[in-house]
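> For what it's worth, UniProt numbering labels the leading residue of the first sequence as 1, then goes sequentially.
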Amino acid sequence: MSEHDDFDSPLTNNFVDAAAEISTTSDSQLQDSKEDKKQNGIFQDLGFYVAQDDARQELEHLIETHGGSVLKELPSGNSSKEYVVSPSNTADLSTVHPDYIRNCCANNVLMRLSGYLVPFSDFHADTQGGDSGDDRIDPRVGNNSGASVNSTKETEQTNFGNTGREQGTSTSPASSSRAVGASSTEQPSEQKERPEGNRQVTNSLSPDPAASVMVSEQSTAQSAAEIAAEKSKTVPKNEPGKERYVPAHNKANFTAEEDNFILDVVRKNPSRRTTHTLFDEISRFVPAHTGNSIRHRYRVYLAKRLDYVYEVDSQGRLVRDENGALIKTTVLPKALKKKFVAEEDYDLAISIKRQFYQDVYQIDPDTRKSLISEDDAPNEAAKRALTMDANVEPGAEPSLGDFRVGERRGPVPREFFKIFAQNHPTHTENAWRDRFRKFLLSYGIDKYIDYYEHELAQDRTPEAMKNFTNRLKRSGAPTPGNYSGLPKKPKTSKDENLPQYLTSRAQQAAALVAASGRGVDLNSSALGMGDMDLLDEETLNFISGLRRDLSKIESAGGTAFEYPQEIAESIRNDFANEETQFDNIDPDTVSFPPPIASSDLFMPQFFAFKSTREFLDKINDIISRDYEASQAEKLVQDLCEEAGVRKTFSTGILTALSGDLMVFPRYFLCMFSMNANPPLTVPGIWTRDDDEMLKQGDDNSLKALTEKHGIGRIEMRRRFIASDLV
DNA sequence: CTGCACACCCACACACCAC
DNA sequence: AGTGGTGTGTGGGTGTGCA
């Protein structure tokens, strides 16, 4: 089974395979071993020497209250259970960052050391100015974002008492053999790639639409810079998670960030953990590696570190708790395909045999009562005549056990497989039918039943049927699973413009959706956004970071965007005329939270508002602030933090609004009151159909669009589309 | 010689279609 | 409606070549 390679490490032994044990248990923190640690304190048997004066009291208190012992002297270095606690490691001893202690205690879990080990540094990192942006210590470690948060922290390291490699890499300078991909986040605080000189907004309420489309990456840079500024005093400069592994050759090595990104995506797509396509899709965001290599990387190295996945429903979609948070679980969901086992083959064979028995003798094999009824429809009687053996005297029928199927191959009604699949849901109706056709018929129904029963009688374990698929090899087509020789292809039809597949947020959204494995239309990124959330904010930010680097290479990335004065004027006029109809809806008539407000669009903060009015007041408050074009990312950040609008959603809205902030409150008001996302008939809110009509450009379409949006907005939208921002 | 990235393999589960 | 043909890509690998 595929799960085996997921469970190689002791750290993953707590996983439960949903395929083997149907269980809905989802609390990964309730693993037995960890439970024991909690009983006795998570740091039981571990000793720490706190080498940070300003936080010594706090850290020592945390260590002691969680079962650890506080060392009064530096550890000898001979014990794998003694650690220095310090943001820097100048003594070449196993050293953990103070945040490790804090985060473990905050979560009451002995977390893995990965990413918290401070590498030995025999040179003064502090003298290396300008890279403080690397130091993204995220206090949210341990919450549902933990996976991606860890992505800035984790390294190859997995276990306590195993620090060799970490320290080995620490003194190596970052490799220069790197391709564009993951190097981006090595410089998260850089803003230089977006010169602002040629950007302009229509008015103070309407930021640069291009900027609005790029908000997610900008917000990454912004927040990273802010975090870095806050943390730069206490965090080691050469933080291990940012460093490349020791390069072994000129193939692109996997960085810790790439590794953690891969793990994060797998955690969010656990049903697809063994597929080739998932890794092929991941490779679109990790340009330095092929799908094959990422898949291999995961199977051989990363699966050991999976630790947990996020709970998904039967469709493989992420499930969230009442607070909108993803739910960690150690129960791996079923994979997409499941091998047939001997018992299933036997069940199928027996059921087919019964079916044939009834067809031939028209009696129930158990009760031996006749299945023929006076009330049978003519077609049933006709069917019966085809299958029935008229030469057998009623009452002379053999028992089911004595009955031999012989050469009989059918007919088997479709209904049979339908019902069989209902009773045996381990495989689909099609799969059962195919198993019957390709395997059972080839092997022989009687023969397999005899074999199975004989093996059991001999106290042996029967095997499933195999080696009956001798189909001719396909010519020309790439070998299944080999994606390496092909360009990294988009999955959606909208994504045809490679290699510029990451040059706009909308395309990014499409790729994200593709990565999530759902065929959601690109434009739904401004609609539901739910499936996009399979990769959440942090993942999106990571990807955005990759894109930031790509954009440096792709000069097309920074198209200047200006609105002539007359367009801005026209839009303002239209807006004023629309106010009575679309902006004067009394928010107090809209119940809160509105049914359309799902947790994949809004954060828990949103649901803490008491009324629609209160929420809209906050929205108005935020958008009334003086955001420069270059601060669109700040806007999205503020909307997220203060109003609980997910960044992906607000970014999508800004796209639908062509970046016109004035329409923002209208969007929510209409969305809530019309219970539609997006609201379909509202000026300034561009739907997919609107965009299609604009692209077609016939007179009727333009007339309708002019009536809905006004001439100014049409011009604005054209620029939006021309700039590939929709 | 070894470890790693990446290529490649292939049986077959699951699907859909045409007749 | 039952059947055969066959496409697709999963699931679990192994092979290759570089440093």
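Glycine included, every Cβ here is placed at the ideal spot set by N, Cα and C.
Predicted, not measured: the structure shown is a model, and the values here were computed from it.
Comparing C-alpha positions only, which one of Tyr-346, Asn-323 and Ser-399 sits nearest to Tyr-357?
Numbered from 1 along the first sequence, position 357 holds the residue referred to as residue 357. Among Tyr-346, Asn-323 and Ser-399, the Cα nearest to that of Tyr-357 is on Ser-399.
> Name, in chain order, the residues that DSSP records as bridge partners for Ser-370.
Translated into the one-based positions of the first sequence, residue 370 becomes position 370. In the DSSP output, where bridge partners are listed per residue, Ser-370 has Ile-363.
> Distance, Cα to Cα, Asp-347 vs Leu-326?
On the first sequence, position 347 is the one that residue 347 refers to. On the first sequence, position 326 is the one that residue 326 refers to. Asp-347 and Leu-326: Cα-Cα distance of roughly 38 angstroms.
> Tell me, please, which residues DSSP counts as bridged to Glu-82.
For this step, residue 82 is matched to residue 82 along the first sequence. DSSP output for Glu-82 lists Gly-47 as bridge partner(s).
> I'd like the ranges of any alpha helix (DSSP H) spanning at least 4 consecutive residues and lying wholly in the segment 643 to 667.
647 to 656
> Out of Lys-447, Asp-583 and Leu-336, which one is the CA nearest neighbour of Thr-274?
Here residue 274 refers to the residue found at position 274 of the first sequence. Per the Cα distances, Leu-336.
> Could you spell out the range, first to last residue, of the alpha helix (DSSP H) harbouring Gly-291?
The residue given as residue 291 occupies position 291 in the first sequence. Unbroken alpha helix (DSSP H) run through Gly-291: 291 to 297.
> Note the first and the last residue of the continuous alpha helix (DSSP H) segment covering Phe-606.
On the first sequence, position 606 is the one that residue 606 refers to. Unbroken alpha helix (DSSP H) run through Phe-606: 604 to 607.
> In this structure, does DSSP put Lys-328 in helix, strand or coil?
By 1-based counting over the first sequence, the position of residue 328 is 328. In this structure, Lys-328 counts as strand in the three-state DSSP scheme.
> Note down, in chain order, each residue of its chain lying with its Cβ closer than 8 angstroms to the Cβ of Asp-345, except the 5 sequence neighbours on either side.
Looking up residue 345 in the first sequence gives position 345. Within its own chain, the residues whose Cβ lies closer than 8 angstroms to the Cβ of Asp-345, once the five positions on either side in sequence are excluded, are Arg-435, Phe-439, Leu-440, Tyr-448, Tyr-452, Ala-464 and Met-465, listed in chain order.
> Report the option in Thr-65, Met-662, Arg-613 and Leu-74 whose CA atom is closest to the CA atom of Glu-579.
Counting from one through the first sequence, the residue named residue 579 turns up at place 579. Closest option to Glu-579, Cα to Cα, is Met-662.
> Which residues in the same chain have their Cβ closer than 8 angstroms to the Cβ of Gln-605, if we skip the five residues on either side of it in sequence?
On the first sequence, residue 605 is found 605 positions in, with the first residue counted as 1. So the qualifying residues of the chain are Glu-641, Glu-642, Ala-643 and Gly-644.
> With burial defined as no fewer than 16 other Cβ atoms inside 10 Å of the residue's Cβ, what is the status of Thr-706: buried or exposed?
Residue mapping note: residue 706 aligns to position 706 of the first sequence, counting from 1. Under this definition Thr-706 is an exposed residue.
> Let me check understanding here. Comparing Cα to Cα, which of Phe-403, Arg-408 and His-427 lies closest to Asp-450?
Locating residue 450 in the first sequence gives position 450, where the first residue counts as 1. When each option's Cα is compared against that of Asp-450, the closest is Phe-403.
> Specify whether the segment 316 to 325 and the segment 408 to 425 touch according to this definition: at least 3 beta carbon pairs, one from each stretch, less than 8 angstroms apart.
no
> Does the segment 387 to 394 come within contact of the segment 417 to 429, defined as at least 3 CB pairs closer than 8 angstroms?
no
> Measure the alpha-carbon distance for Ala-288 versus Ile-282 and round it to whole angstroms.
One-based indexing of the first sequence puts residue 288 at position 288. One-based indexing of the first sequence puts residue 282 at position 282. C-alpha separation (whole angstroms): 11 angstroms.
> For a quick check, are the C-beta atoms of Met-716 and Ile-571 less than 8 angstroms apart?
By 1-based counting over the first sequence, the position of residue 716 is 716. By 1-based counting over the first sequence, the position of residue 571 is 571. In contact: Met-716 and Ile-571 (Cβ atoms closer than 8 angstroms).
> Does the count of Cβ pairs from the segment 614 to 621 and the segment 683 to 699 closer than 8 angstroms reach three?
no
> Would DSSP call Arg-272 helix, strand or coil?
Indexing the first sequence from 1 puts residue 272 at position 272. Reduced to three states, the DSSP call for Arg-272 is helix.
> Name the two residues that bound the continuous alpha helix (DSSP H) containing Lys-337.
Here residue 337 corresponds to residue number 337 of the first sequence, with the count starting at 1. From DSSP, Lys-337 is part of no alpha helix (DSSP H); its letter is neither H nor E.
> Report buried or exposed for Val-341, applying the criterion of at least 16 other Cβ atoms within 10 angstroms of its Cβ.
The count along the first sequence starts at 1 and reaches residue 341 at position 341. Per the 10 Å Cβ criterion, exposed.
> What does the alpha-carbon distance come out to for the pair Pro-587 and Ile-711?
By one-based count along the first sequence, residue 587 stands at place 587. By one-based count along the first sequence, residue 711 stands at place 711. Rounded to whole angstroms, Pro-587 to Ile-711 spans 29 angstroms at the Cα level.
> Looking at the structure shown, is Ser-95 part of a helix, part of a strand, or coil, going by DSSP?
If you number the first sequence from 1, residue 95 lands on position 95. For the record, residue 95 in the displayed sequence is Thr; it is not Ser. Note: Thr-95 maps to strand in three-state DSSP.
> Helix, strand or coil: how does DSSP classify Leu-456 here?
As a first step, residue 456 must be located in the first sequence, where it is residue number 456. Of the three classes helix, strand and coil, the one that applies to Leu-456 here is helix, per DSSP.
> Identify the continuous alpha helix (DSSP H) that holds Met-693 and give its terminal residues.
Taking the first residue of the first sequence as 1, we reach residue 693 at position 693. Note, Met-693: alpha helix (DSSP H), 688 to 696.
> What first and last residue would you give for the alpha helix (DSSP H) that runs through Leu-62?
Working through the first sequence from its first residue, we reach residue 62 at position 62. Segment 56 to 65, the alpha helix (DSSP H) holding Leu-62.
> If you compare alpha carbons, which of Thr-589, Phe-649 and Gly-684 is closest to Phe-672?
Your numbering for residue 672 matches position 672 in the first sequence. The residue with the shortest Cα to Cα distance from Phe-672 is Thr-589.
> Should Asn-675 and Pro-593 be called a contact, given that it needs their Cβ atoms to be closer than 8 angstroms?
Your numbering for residue 675 matches position 675 in the first sequence. Your numbering for residue 593 matches position 593 in the first sequence. In this structure, Asn-675 keeps its C-beta atom at 8 angstroms or more from the C-beta atom of Pro-593.
> On the premise that Pro-75 lies in contact with Gly-47, defined as a C-beta separation below 8 angstroms, what is that separation, rounded to the nearest angstrom?
On the first sequence, residue 47 is found 47 positions in, with the first residue counted as 1. On the first sequence, residue 75 is found 75 positions in, with the first residue counted as 1. Approximately 7 angstroms separates the beta-carbon atoms of Gly-47 and Pro-75; this is inside 8 angstroms, confirming the contact.
> In the DSSP assignment, find the alpha helix (DSSP H) that holds Lys-708 and state where it starts and stops.
Locating residue 708 in the first sequence gives position 708, counting from the first residue. Taken as a continuous stretch (DSSP letters only), the alpha helix (DSSP H) holding Lys-708 covers 699 to 709.
> According to DSSP, simplified to helix, strand and coil, what is Val-312?
Against the first sequence, residue 312 aligns to sequence position 312. Strand, per DSSP.
> With burial defined as no fewer than 16 other Cβ atoms inside 10 Å of the residue's Cβ, what is the status of Ser-373: buried or exposed?
Reading the first sequence from its first residue, position 373 is the one you call residue 373. So Ser-373 counts as exposed.
> Leaving aside the five residues before and after Arg-433 along the sequence, list all residues of the same chain whose C-beta is less than 6 angstroms from its C-beta, in chain order.
By 1-based counting over the first sequence, the position of residue 433 is 433. Only residues of its own chain outside the window of five on either side were considered, and among them Phe-417 have a CB closer than 6 angstroms to the CB of Arg-433, listed in chain order.
> What do you get for Ala-377, buried or exposed, if any count of 16 or more other CB atoms within 10 angstroms of its CB means buried?
One-based indexing of the first sequence puts residue 377 at position 377. So Ala-377 ends up on the exposed side.
> With the cut-off set at 8 angstroms, would you say Tyr-298 and Ile-262 are in Cβ contact?
As a working note, residue 298 is residue 298 in the first sequence. As a working note, residue 262 is residue 262 in the first sequence. Taking 8 angstroms as the cut-off, the Cβ atoms of Tyr-298 and Ile-262 count as close.
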